[in-house]
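Novice: Each residue of the sequence shown is one higher than the one before, counting from 6 in the working numbering.
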Amino acid sequence: MRHHDLLVLGVGSGNVLIDDRFSHLDVAVVAEGPFGGTCLNAGCIPSKMLAVTAEVADGVREAGRHNVRATSDGIDWPAVQERVFGRLDAVARDGEDDRRASDFVTVYRGHARFTGERELLVETDDGPETLHADRIVVAAGGRPVVPPPVADSGLPYETSDTVMRLDEVPERMVVLGGGYIAAELAHVFHAAGTSVTVVEKKETLLAEQDESVASAFTDAVRDQYDLRLGRELVRVEGSPGQLRITLDDDSVIEADALLVAVGRKPNSDTLDLDKAGITCDDNGMIEVDAQLRTGATGVWALGDIVPGPPLKHVANREAEVVAHNLLHPDAPRTMSYDVVPAAVFTRPQIAQVGLTEQEAREQGKEFVVGTRAYEDVAYGWSLEETRGFCKVLVDRGTGRLLGAHVLGPQAATLVQPLVLAMTFGLTARDVAERPLWIHPALTEVVENALRDAM
Ligand SMILES: Cc1cc2nc3c(=O)[nH]c(=O)nc-3n(C[C@H](O)[C@H](O)[C@H](O)COP(=O)(O)OP(=O)(O)OC[C@H]3O[C@@H](n4cnc5c(N)ncnc54)[C@H](O)[C@@H]3O)c2cc1C
Ligand SMILES: NC(=O)c1ccc[n+]([C@@H]2O[C@H](COP(=O)([O-])OP(=O)(O)OC[C@H]3O[C@@H](n4cnc5c(N)ncnc54)[C@H](O)[C@@H]3O)[C@@H](O)[C@H]2O)c1
6 MRHHDLLVLG VGSGNVLIDD RFSHLDVAVV AEGPFGGTCL NAGCIPSKML AVTAEVADGV
66 REAGRHNVRA TSDGIDWPAV QERVFGRLDA VARDGEDDRR ASDFVTVYRG HARFTGEREL
126 LVETDDGPET LHADRIVVAA GGRPVVPPPV ADSGLPYETS DTVMRLDEVP ERMVVLGGGY
186 IAAELAHVFH AAGTSVTVVE KKETLLAEQD ESVASAFTDA VRDQYDLRLG RELVRVEGSP
246 GQLRITLDDD SVIEADALLV AVGRKPNSDT LDLDKAGITC DDNGMIEVDA QLRTGATGVW
306 ALGDIVPGPP LKHVANREAE VVAHNLLHPD APRTMSYDVV PAAVFTRPQI AQVGLTEQEA
366 REQGKEFVVG TRAYEDVAYG WSLEETRGFC KVLVDRGTGR LLGAHVLGPQ AATLVQPLVL
426 AMTFGLTARD VAERPLWIHP ALTEVVENAL RDAM
């Protein structure tokens with residue numbers, strides 16, 4: 006059995022917490038997949054590189070709106086693959102090489118599971134290796150959910166782990182689910198020339214968003230995708246590349262590829278956590294306290310395997326908190342999920358922070374809604390933008406923001422001043438009236454939405 010001072014299980018967000026501050030320790034990292042984890046290899050980063058590619062293609066197609074004569078011969082998918090994954094795979098390899106070159110970190114490759122308190126067995130290529138550590142951080146992430154009718158069909162399907170690396174763009178693709186991944190990747194494949202059908206069991210796409218955002222987004226993409234809302238998949242038949250997908254209204258869709266995007270689940274069920282005294286909630290998320298300590302002494306957890314929102318910026322902050330707490334056990338920090346922004350990098354782009362209008366109503370809040378359309382500010386005219394808007398929810402009593410929602414170009418950037426306002430508890434009036442807002446920047450849509458709520 007090998008012993009280490011500190012062991013980190015998972016090389017996504019877990020890997021980022023180890024830096025030179027830990028060089029006085031003997032550290033182990035255990036990696037099953039590539040360094041950088043989901044975000045770098047199959048998540049945030051490739052999907053955004055592809056989203057920007059899709060936006061460029063959309064821009065060329067729609068250049069006429071700005072009286073620019075342009076024609077497009079489409080997206081050179083093999084070249085995109087080489088550009089995106091040539092770069093990202095090299096970053097992953099370099100990340101591993103750097104760790105292996107470190108004089109205080111040992112890298113173990115293989116699937117790990119617990120065999121006892123702070124004891125793990127790793128199935129390495131050279132055989133099983135048992136490791137023990139004084140302190141362990143579990144950052145083993147999650148994986149896509151695949152519903153039984155798809156999994157049991159025996160026919161091929163894609164998930165976000167595979168679809169971005171397809172050699173060829175499918176002619177016809179069914180996307181099962183209408184959430185984050187569906188919204189982002191349907192846009193990419195539609196821009197690349199795929200005929201996309203989206204099957205979502207709820208009545209709108211992105212149903213967890215603010216109701217005005219979900220309905221505006223659904224309307225915006227209605228003429229691009231074949232939308233099957235309020236529907237579920239019941240059967241997949243046919244043969245690879247010639248799938249026949251039957252829905253619960255007996256309609257049948259023919260497709261070359263099926264992308265499953267109905268959510269993700271934590272990898273906790275693959276780790277034999279009970280052997281280590283680590284407990285999970287009903288959703289399989291590892292239970293942690295505000296310092297991100299599990300119920301087992303000397304074991305922390307972070308990222309998509311703990312109950313917070315499964316987002317990379319959340320996992321990164323959790324990694325900072327855990328790193329601090331490992332180094333400063335006498336002055337621990339706690340993790341706050343009070344103000345968590347998120348964005349959907351689709352077209353139109355979407356960003357949010359805080360409560361949706363429906364949540365504010367359900368919670369019995371007294372609030373004022375302020376909205377401003379992009380087309381009502383000067384930069385919106387420059388963009389020829391007709392759909393975009395910013396919407397803020399302001400507490401009637403305190404004047405503070407309860408939530409904010411942006412749909413339209415640069416939404417993820419525009420929401421950030423509102424994230425700051427909520428983080429520092431500023432009133433809508435203060436945020437609108439005290440700083441000068443650059444004219445005629447797109448940020449005027451935010452300023453004017455705030456003024457609308459005053
Ligand atoms: C398509 C897609 C797009 C996304 N886009 C965004 C975005 O734009 N913005 C955003 O904030 N978030 C986004 N996310 C979410 C984000 O990727 C995750 O929240 C984040 O990567 C989670 O990090 P993690 O470290 O918890 O897990 P991961 O990065 O998945 O890391 C888990 C690690 O554990 C390892 N592992 C698992 N089990 C074992 C085992 N038994 N033994 C050894 N190693 C093991 C894995 O190999 C991996 O190294 C996206 C996700 C997807 C799927
Ligand atoms: N930009 C980002 O931050 C980003 C991008 C991609 C993914 N992610 C993360 O990855 C997670 C997973 O993304 P996702 O899109 O898989 O999940 P999601 O939870 O966003 O959406 C899943 C959708 O599938 C629907 N659904 C569930 N079962 C279904 C069924 N049987 N038939 C039809 N529809 C069904 C749900 O109603 C929901 O709309 C997200 O929650 C998010 O945290 C983030």
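For each residue, glycine too, the CB sits at the ideal point set by N, CA and C. Computed from a predicted structure; not experimentally measured.
1. Taking buried to mean at least 16 other C-beta atoms within 10 Å of its own C-beta, is residue 42 buried or exposed?
2. Fully enclosed by the segment 368-421, which alpha helix (DSSP H) runs are 4 residues long or longer?
3. By DSSP, does residue 129 sit in helix, in strand, or in coil?
4. Suppose you measure from the CA of residue 113 to the CA of residue 6; what does that come to, to the nearest Å?
5. Roughly how many whole angstroms lie between the Cα atoms of residue 8 and residue 138?
6. Taking the runs of the alpha helix (DSSP H) that are 4 residues or longer, which of them lie wholly in the segment 166-239?
7. Taking only three categories from DSSP, how would you classify residue 91?
8. Is it buried or exposed for residue 92, if we count other Cβ within 10 angstroms and need 16 for buried?
9. Note down, in chain order, each residue of its chain lying with its Cβ closer than 7 Å to the Cβ of residue 255, except the 5 sequence neighbours on either side.
10. Mind listing, in chain order, the residues whose beta carbon lies closer than 6 Å to a non-hydrogen atom of ligand 2?
11. Near residue 176, what residues of its chain come up, given a Cβ to Cβ distance below 6 Å and the 5 sequence neighbours on each side ignored?
12. Mapping the DSSP letters down to three states, classify residue 448 as helix, strand or coil.
13. Suppose contacts are defined by Cβ-Cβ distances below 8 Å. Is residue 411 in contact with residue 365 by that definition?
14. I think residue 310 touches residue 147, with their Cβ atoms under 8 Å apart; what is that distance to the nearest whole Å?
15. Report yes if the CB atom of residue 165 is closer than 8 Å to the CB atom of residue 181, and no otherwise.
16. Could you name the residues of the same chain whose beta carbon sits closer than 6 Å to that of residue 116, not counting the 5 residues immediately before and after it, in chain order?
17. Is the beta carbon of residue 48 within less than 7 Å of some heavy atom of ligand 1?
18. Find the nearest neighbour of residue 442 within the set 75, 422, 83, 431, judged by alpha-carbon distance.
19. To the nearest whole angstrom, what separates the beta carbons of residue 248 and residue 263, a pair I think is in contact under 8 Å?
20. Who does residue 135 pair with in a DSSP beta bridge?
21. Which whole-angstrom value describes the C-beta separation of residue 202 and residue 179, a residue pair presumed to lie in contact below a C-beta threshold of 8 Å?
22. Quick check on DSSP: helix, strand or coil for residue 425?
23. Whole-angstrom Cβ separation of residue 358 and residue 375, contact assumed at under 8 Å?
24. Mind checking who residue 33 pairs with in its DSSP beta bridge?
25. Relative to the C-alpha of residue 83, which candidate in 58, 76, 235 has its C-alpha closest?
26. I need the straight-line Cα distance from residue 351 to residue 287, nearest angstrom please.
27. Any heavy atom of ligand 1 closer than 7 Å to the Cβ of residue 129?
28. How many whole angstroms separate the CB atoms of residue 71 and residue 389, which I take to be in contact at a CB cut-off of 8 Å?
29. Please identify the residue among 295, 336, 12 whose C-alpha is closest to the C-alpha of residue 343.
30. Taking residue 155 as the reference, give the member of 331, 205, 242, 107 with the closest Cα.
31. Quick one: Cα of residue 448 to Cα of residue 226, how far?
32. In chain order, what residues of the same chain have a beta carbon less than 6 Å from the beta carbon of residue 183, not counting five sequence neighbours either side?
33. Whole angstroms are fine: how far does the CA of residue 305 sit from the CA of residue 299?
34. From 414, 419, 314, pick the residue whose C-alpha is nearest to that of residue 454; which is it?
35. Where residue 409 and residue 337 are concerned, what is the direct C-alpha to C-alpha distance, given to the nearest angstrom?
Specialist: Judging by the given coordinates:
1. buried
2. 383-388, 416-419
3. strand
4. Straight-line Cα distance between these residues: approximately 13 Å.
5. 6 Å
6. Listed in chain order, they are 185-196, 216-226.
7. helix
8. exposed
9. none
10. 152, 181, 182, 183, 184, 185, 186, 187, 189, 204, 205, 206, 207, 212, 237, 238, 266, 267, 268, 269, 315, 316, 347, 348, 349, 350
11. 261
12. coil
13. No, these two residues do not count as a Cβ contact at 8 Å.
14. 7 Å
15. no
16. The residues are 37, 128.
17. yes
18. 422
19. About 6 Å separates the CB atoms of residue 248 and residue 263; that is less than 8 Å, so the two are in contact.
20. DSSP output for residue 135 lists 126 as bridge partner(s).
21. At roughly 5 Å, the Cβ-Cβ gap stays under 8 Å, so residue 202 and residue 179 are in contact.
22. helix
23. 15 Å between Cβ atoms; not a contact.
24. In the DSSP output, where bridge partners are listed per residue, residue 33 has 12, 111.
25. 58
26. 31 Å
27. no
28. 7 Å
29. When each option's Cα is compared against that of residue 343, the closest is 295.
30. 242
31. 25 Å
32. 203, 205, 210
33. 5 Å
34. Nearest Cα to residue 454 within the set 414, 419, 314: 419.
35. 31 Å
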